[in-house]
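Order-wise, the sequence lines are chains A and B. Numbering-wise (this note's numbering), the first sequence opens with residue 1263 and increments by one. Numbering-wise (this note's numbering), the second sequence opens with residue 70 and increments by one. The next block holds one structure in the form of structure tokens; read it before the comments.
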Amino acid sequence: MALLEVTNLGISFGGLRAVDEFNLQIEKGELYGLIGPNGAGKTTVFNMLTGIYKPTDGKIFLDGNDITGKKTADINKSGVARTFQNIRLFGDQSVLDNVKIGLHNSFEYSTFSGIFRLPKFFATEKEMDKKALEILSVFGLDKEADILASNLPYGKQRELEIARALATEPQLLLLDEPAAGMNPNETRDLMNTIALIRKEFGVTILLIEHDMKLVSGICEKLTVLNFGRVLSQGETSAVLNDPEVIKAYLGE
Amino acid sequence: MKNLNKSTQKLIISILVIVVLYIVMAVMESTGNLSSLMSGLLVPVCAYSLVAIGLNLCVGYLGELSLGHAGFMCVGAFTSAFFSKAYANTIPDVPRFILALLIGTFFAALFGFLIAIPVLRLSGDYLAIVTLAFGEIIKNVINVLYVGIDSNGLHVSMKDMMSLGLEPDGTLLVNGAQGITGTPRQATFLIGVLLVIFALVVTFNFVNSRTGRAVKAIRDNQIAAETVGLPITKYKLIAFTISAAIAGVGGVLYAHNINSLTATTNNFGYNMSIMILVYVVLGGIGNFSGSLIATVVLTMLPEMLRGLSNYRMLIYSIVLIALMLFNWAPDILKFRADHGLTSKTILGKIKKTKEVQ
Chain A
1263 MALLEVTNLG ISFGGLRAVD EFNLQIEKGE LYGLIGPNGA GKTTVFNMLT GIYKPTDGKI
1323 FLDGNDITGK KTADINKSGV ARTFQNIRLF GDQSVLDNVK IGLHNSFEYS TFSGIFRLPK
1383 FFATEKEMDK KALEILSVFG LDKEADILAS NLPYGKQREL EIARALATEP QLLLLDEPAA
1443 GMNPNETRDL MNTIALIRKE FGVTILLIEH DMKLVSGICE KLTVLNFGRV LSQGETSAVL
1503 NDPEVIKAYL GE
Chain B
70 MKNLNKSTQK LIISILVIVV LYIVMAVMES TGNLSSLMSG LLVPVCAYSL VAIGLNLCVG
130 YLGELSLGHA GFMCVGAFTS AFFSKAYANT IPDVPRFILA LLIGTFFAAL FGFLIAIPVL
190 RLSGDYLAIV TLAFGEIIKN VINVLYVGID SNGLHVSMKD MMSLGLEPDG TLLVNGAQGI
250 TGTPRQATFL IGVLLVIFAL VVTFNFVNSR TGRAVKAIRD NQIAAETVGL PITKYKLIAF
310 TISAAIAGVG GVLYAHNINS LTATTNNFGY NMSIMILVYV VLGGIGNFSG SLIATVVLTM
370 LPEMLRGLSN YRMLIYSIVL IALMLFNWAP DILKFRADHG LTSKTILGKI KKTKEVQ
């Protein structure tokens, strides 16, 4: 069974049909790309998958469970984490705390033991610190653990956002334009990082991307969206040679 | 971790400063160097500080503007005063005051919780307006509330004293707009200072705990907080309830410092809510020690200027404007940064001169 199965997904904003009859199947362990021109509806699909928008039609199944229209927090608990195109970090908190917020649901002690600093507080906080530093070290961010998240350079902010998403222990990781605003060197580093986290954390990844080099370099399968509809779908090389896709991207 | 150690240091310094201030004031009071006006202000300053700490938790960490915290103070004040008066002759002083403290805190927290359920669905200006209204409603309901007790039990009315139908042996506990009179005056400066320190430690521990991190995450970016699986409503409710409870503690302290407790615009109405908000904003949003300093200065100032009679409110407002400009105006902030007049650089200079010596 596919890890993520989306059938006939659609959403309308008033009279605008932003996404229509969107179908997608992602197998466990795959690295899947979602591409398309600006305004094609890629981020809207992500917002529906994570419950930020409620789809008008269609169903979303994660590992066989229906997650359509559930609350964002519950969808995260059932195993979907994401990053954002315009980075959304908890800027006024340290890098370490950002990851610890991602760990929030994996560790627990009551508000009461937090306020009165009972032994459970110290024990759990210590474990959380250790686990958070472990995740940060995968990205080489462990040395910056005490810096405010908003003071990190741009590329590292993107990596921290991925680290925070991974801390929630997702089965499926959604990356919204992870290479946006990066120079070629940073993009190459990012490709390595994505390959690394796929190996280390064993997550399935769906990513939105404009950078064709990145897409053709790492994605095994692609879906191309145009004006809210699927233009082409399948193995990366086949999709990129599809005349319809070339037409949408380069014109006739 | 390092950040936490640094902020723990700051907390310890604040507590030390409070203790030193307490000792200075206590010595001055016992040697008769403090005017009766000033010594009468010592407990109210502690009460306002508590409400300011509570409101700062709401504004600075939950990121929501509440204009109704005087209402929670009012709930804490009246429920605890009611309890103290009703059991004035049956429970010994010390356990009664502790119970009154717990009861006032509990009811303020309960009201905070109940009000937060509908109110936290709103945000920004709407939240401010609705909390303002709730504060006024609480005050006005208390103003028409008559409660008496006699051999038949408790009598409650919202019309007038007569409709209570008290037996001749009954006592009137809450007398409408005249409020509660004859509450035992048990709040001392020492109790006030201890409660302020306790509230400081509790809020500090709260904002640096797992729950506090979640609250700050929701403030920083609600959508991101949802996508990492945080239940938004739950944490907003927890933070708002704690904030109301601390304001309630302030109310208990306030009520046990005066003989006759009434709910007027000046002590529990929007005037007070706005004044507390002024303390919080001028002391620095999210900065608990800052709110304490602002509360002490701005409560003491009008009394110290009393000799100037009509001009004192004028001077008070000029000081307010000056403080606001000093802390927030971009041009002045730039000037201070250029001339090394920020709190950071000043502290650095003090350190350096110490090292040289």
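For every residue, glycine included, the Cβ atom is placed at its ideal position computed from N, Cα and C.
{"Check": "Using a Cβ cut-off of 9 Å (strictly closer), state whether R190 (chain B) contacts chain A.", "Outcome": "no"}
{"Check": "Taking the C-alpha atoms as reference points, what is the distance between S135 (chain B) and A314 (chain B)?", "Outcome": "14 Å"}
{"Check": "Nearest to D219 (chain B) by alpha carbon, out of B:D238, B:V213, B:I206?", "Outcome": "B:D238"}
{"Check": "Nearest chain A C-beta to L299 (chain B) closer than 9 Å, yes or no?", "Outcome": "yes"}
{"Check": "Secondary structure at L331 (chain B), three-state DSSP: helix, strand or coil?", "Outcome": "Correcting the residue type first, residue 331 (chain B) is Thr in the shown sequence and not Leu. Three-state result, T331 (chain B): coil."}
{"Check": "Within 9 Å of any Cβ in chain A, is that where the Cβ of N274 (chain B) sits?", "Outcome": "yes"}
{"Check": "Exposed or buried, which one is F1383 (chain A) when buried takes at least 16 other CB atoms within 10 Å?", "Outcome": "buried"}
{"Check": "Rounded to the nearest angstrom, what separates T368 (chain B) and V114 (chain B) at their Cα positions?", "Outcome": "7 Å"}
{"Check": "Just list the beta strand (DSSP E) runs in the region 1317-1342 of chain A, keeping only unbroken ones of 3 residues or longer that don't cross its boundaries, in chain order.", "Outcome": "1319-1324"}
{"Check": "So the alpha helix (DSSP H) S118 (chain B) belongs to, where does it begin and stop?", "Outcome": "105-125"}
{"Check": "Under a CB-based cut-off of 9 Å, is T1455 (chain A) close to chain B?", "Outcome": "no"}
{"Check": "Pick out the complete alpha helix (DSSP H) segments inside the region 353-398 of chain B, 4 residues or longer, and give them in chain order.", "Outcome": "357-373, 381-397"}
{"Check": "Can you confirm whether K1405 (chain A), when its beta carbon is compared against all beta carbons of chain B, has any partner nearer than 9 Å?", "Outcome": "no"}
{"Check": "Identify, in the order they occur along the chain, each residue of the same chain with its Cβ nearer than 6 Å to the Cβ of Q426 (chain B), setting aside the five sequence neighbours on each side.", "Outcome": "Low confidence applies here, because Q426 (chain B) scores a pLDDT of 47, under 50, leaving its location unreliable and the question unanswered by this model."}
{"Check": "Could you have a look at E1497 (chain A) and say whether DSSP puts it in helix, strand or coil?", "Outcome": "strand"}
{"Check": "Using 10 angstroms around the beta-carbon of P1432 (chain A), count the other beta-carbons present and answer buried if the total reaches 16, otherwise exposed.", "Outcome": "buried"}
{"Check": "Using a Cβ-Cβ distance under 9 Å, would K1290 (chain A) count as near chain B?", "Outcome": "no"}
{"Check": "Using a Cβ-Cβ cutoff of less than 6 Å, which residues in the same chain neighbour M230 (chain B) once the five nearest sequence positions on both sides are dropped?", "Outcome": "Y215"}
{"Check": "From the DSSP output, in three-state form, read off F1284 (chain A) for me.", "Outcome": "strand"}
{"Check": "Spell out whether any CB of chain A is found under 9 Å from the CB atom of S99 (chain B).", "Outcome": "no"}
{"Check": "Anyone know if the C-beta pair for L1476 (chain A) and Q1419 (chain A) falls short of 9 Å?", "Outcome": "no"}
{"Check": "Excluding the 5 residues preceding and the 5 following E1289 (chain A) in the sequence, name in chain order all residues of the same chain whose CB lies nearer than 6 Å to its CB.", "Outcome": "A1264"}
{"Check": "Please confirm whether Q426 (chain B) has its beta-carbon closer than 9 Å to some beta-carbon of chain A.", "Outcome": "Confidence is the limiting factor: at Q426 (chain B) the pLDDT is only 47, short of 50, which leaves the residue's position unreliable and the question unanswerable from this model."}
{"Check": "Determine the direct distance from the alpha carbon of A1411 (chain A) to that of N1348 (chain A), and round the result to whole angstroms.", "Outcome": "15 Å"}
{"Check": "So A286 (chain B) contacts chain A; which residues on that side make the cut at Cβ distance below 9 Å?", "Outcome": "F1352, Q1355, D1359, N1360, I1363, H1366"}
{"Check": "Could you tell me which chain C residues have their CB closer than 8 Å to the CB of R1420 (chain A), listed as they occur along the chain?", "Outcome": "No chain C appears in the structure shown, which is made up of the protein chains A and B."}
{"Check": "Verify the CB distance criterion: does Y1371 (chain A) have a CB-CB separation below 9 Å to chain B?", "Outcome": "yes"}
{"Check": "Is the Cβ of A1500 (chain A) closer than 9 Å to any Cβ of chain B?", "Outcome": "no"}
{"Check": "Could you tell me if S76 (chain B) is buried or exposed, where buried requires 16 or more neighbouring beta carbons within 10 angstroms of its beta carbon?", "Outcome": "exposed"}
{"Check": "Within its chain, find whatever has a CB closer than 6 Å to the CB of T1386 (chain A); leave out the 5 residues flanking it on each side and keep chain order.", "Outcome": "F1369, Y1371"}
{"Check": "Name the one or two DSSP bridge partners that F1275 (chain A) has.", "Outcome": "A:L1278"}
{"Check": "With a floor of 4 residues, list each alpha helix (DSSP H) that falls wholly inside the region 133-161 of chain B, ordered by position along the chain.", "Outcome": "138-155"}
{"Check": "Straight-line CA distance for H408 (chain B) to I84 (chain B)?", "Outcome": "31 Å"}
{"Check": "Quick check: is the beta carbon of M1515 (chain A) nearer than 9 Å to any beta carbon in chain B?", "Outcome": "Chain A is shown only over 1263 to 1514; residue 1515 (chain A) falls outside these bounds and no answer can be derived."}
{"Check": "Within the 9 Å Cβ cut-off, does D1504 (chain A) reach chain B?", "Outcome": "no"}
{"Check": "Let me make sure I understand the geometry here. Which of B:A177, B:A294, B:R254, B:Y91 has the alpha-carbon closest to that of E1423 (chain A)?", "Outcome": "B:A294"}
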